[in-house]
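Below is one structure, written out as structure tokens, with a few remarks after it.
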Amino acid sequence: MDFNKYTFNTVLKGEGTYNIGYEFDINKKYYANKEYNFIYYPKNLKERKFLIPGSLSNGEFPIYWRGVNLPFTIIKKANSDTLLIIKNNKKFIFKRIKNSD
């Protein structure tokens, strides 16, 4: 299923990186970022390490929403330009980008 076409408001539980592969599981259904993906540019290295502990990259490189360490809440409307991730009561707005071929 194409992730962009669905609405989500759920908590993704667990530990570690959510998903680095093509397909990912949300509430026991499998989705893929087919045409679009969602990215966030962290303000600084501290913010990047909050979202992805152990990261050594600086703020020049985006974080893909699937790279955020669990647990977090994901809120998205179908075909929306943004995706909201809430982690430890902090909100991060990920913006939709078109996947390159």
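So the sequence shown is numbered by my numbering: it starts at 3 and just counts up by one.
The C-beta atom is built at its ideal place from N, Cα and C for all residues, glycine as well.
Please read all numbers here as calculations on a predicted model, not as lab measurements.
Between which two residues does the alpha helix (DSSP H) harbouring residue i extend?
| i | result |
| --- | --- |
| Arg50 | 47-53 |
With DSSP collapsed to three states, give me the class of residue i.
| i | result |
| --- | --- |
| Asn39 | strand |
| Lys30 | coil |
| Asn81 | coil |
| Ile6 | Note that residue 6 is Asn in the sequence shown here, rather than Ile. Asn6 falls in the helix class under three-state DSSP. |
Grab the span of the beta strand (DSSP E) containing residue i for me, first residue to last.
| i | result |
| --- | --- |
| Ile76 | 74-78 |
| Leu85 | 84-89 |
| Thr12 | 10-14 |
| Ile22 | Where Ile22 is concerned, there is no enclosing beta strand (DSSP E), given that its DSSP letter is neither H nor E. |
Should residue i be labelled buried (16 or more other beta-carbon atoms within 10 Å of its own) or exposed?
| i | result |
| --- | --- |
| Ile22 | exposed |
| Pro44 | buried |
| Tyr32 | exposed |
Figure out for me which residue from the options has the closest Cα to the Cα of residue i.
| i | options | result |
| --- | --- | --- |
| Pro55 | Glu62, Glu37, Gly69 | Gly69 |
| Asp4 | Tyr38, Gly16, Thr75 | Tyr38 |
Does the Cβ of residue i lie closer than 6 Å to at least one heavy atom of the ligand SAH?
| i | result |
| --- | --- |
| Phe10 | Ligands displayed in this structure: none; no statement on the ligand SAH is therefore possible. |
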